[in-house]
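Numbering (this note's numbering), first residue to last: 47 to 110. Heads up, the beta-carbon is just placed ideally off N, CA and C, and yes, glycines get one too. Predicted, not measured: the structure shown is a model, and the values here were computed from it.
The following block contains the structure:
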(Lines of atoms letter the chains of each structure in order from A; the text may use other names.)
(Lines give C-alpha, C1' and ligand atoms only; values in the text may rest on other atoms or scores of the structure.)
Protein backbone atom coordinates (compact mmCIF):
# COMPACT_ATOMS: atom_id res chain seq x y z
CA UNK A 47 0.00 0.00 0.00
CA UNK A 48 1.42 3.41 -0.92
CA UNK A 49 2.19 6.00 1.73
CA UNK A 50 1.65 9.67 0.88
CA UNK A 51 3.34 12.26 3.07
CA UNK A 52 3.33 16.05 2.99
CA UNK A 53 6.08 18.17 4.52
CA UNK A 54 4.09 20.95 6.18
CA UNK A 55 7.18 23.15 6.28
CA UNK A 56 7.33 23.10 2.48
CA UNK A 57 3.60 23.02 1.66
CA UNK A 58 2.23 26.38 0.55
CA UNK A 59 -1.40 25.21 0.54
CA UNK A 60 -2.05 26.24 -3.06
CA UNK A 61 -4.23 23.16 -3.66
CA UNK A 62 -2.45 21.90 -6.76
CA UNK A 63 -2.36 18.37 -5.34
CA UNK A 64 -6.10 18.49 -4.71
CA UNK A 65 -6.67 19.53 -8.32
CA UNK A 66 -4.38 16.98 -9.99
CA UNK A 67 -5.11 13.90 -7.88
CA UNK A 68 -7.51 11.67 -9.83
CA UNK A 69 -8.69 9.80 -6.73
CA UNK A 70 -9.11 12.63 -4.17
CA UNK A 71 -6.32 11.68 -1.76
CA UNK A 72 -5.86 15.27 -0.53
CA UNK A 73 -7.82 18.05 1.05
CA UNK A 74 -6.69 21.46 2.22
CA UNK A 75 -6.97 21.93 5.97
CA UNK A 76 -6.12 24.79 8.28
CA UNK A 77 -3.00 23.79 10.26
CA UNK A 78 -1.54 26.39 12.61
CA UNK A 79 -3.69 29.03 10.88
CA UNK A 80 -2.23 28.22 7.47
CA UNK A 81 -3.73 26.17 4.62
CA UNK A 82 -1.90 22.88 4.16
CA UNK A 83 -2.48 19.76 2.05
CA UNK A 84 -3.42 16.69 4.07
CA UNK A 85 -3.61 13.15 2.65
CA UNK A 86 -7.01 12.15 4.00
CA UNK A 87 -7.67 9.23 1.64
CA UNK A 88 -4.28 7.50 1.50
CA UNK A 89 -5.84 4.10 0.70
CA UNK A 90 -7.15 5.44 -2.61
CA UNK A 91 -3.69 6.38 -3.93
CA UNK A 92 -2.92 4.73 -7.28
CA UNK A 93 0.74 5.86 -7.28
CA UNK A 94 0.36 8.01 -10.39
CA UNK A 95 2.67 10.56 -8.71
CA UNK A 96 0.84 13.51 -10.28
CA UNK A 97 0.89 15.21 -6.88
CA UNK A 98 4.67 14.81 -6.54
CA UNK A 99 5.32 16.03 -10.08
CA UNK A 100 3.00 19.05 -9.90
CA UNK A 101 3.85 20.23 -6.37
CA UNK A 102 5.78 23.46 -6.86
CA UNK A 103 7.47 23.21 -3.46
CA UNK A 104 8.30 19.48 -3.61
CA UNK A 105 6.42 18.94 -0.36
CA UNK A 106 4.84 15.62 -1.35
CA UNK A 107 6.44 12.18 -1.30
CA UNK A 108 4.73 8.99 -2.45
CA UNK A 109 6.35 5.76 -1.27
CA UNK A 110 5.30 2.37 -2.55
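Residue(s) in a DSSP beta bridge with residue i
| i | result |
| --- | --- |
| residue 83 | 74 |
| residue 64 | Answer is none; residue 64 lacks a bridge partner. |
| residue 56 | None; residue 56 has no bridge partner. |
| residue 50 | 108 |
Residue i - DSSP class collapsed to helix/strand/coil
| i | result |
| --- | --- |
| residue 106 | strand |
| residue 69 | coil |
Sequence-distant residues of its chain with Cβ nearer than 6 Å to residue i (five each side left out)
| i | result |
| --- | --- |
| residue 61 | 74 |
| residue 53 | 105 |
Contact check, residue i vs residue j, beta carbons under 7 Å
| i | j | result |
| --- | --- | --- |
| residue 69 | residue 90 | yes |
Nearest to residue i (by Cα), restricted to the options the options
| i | options | result |
| --- | --- | --- |
| residue 101 | 47, 110 and 82 | 82 |
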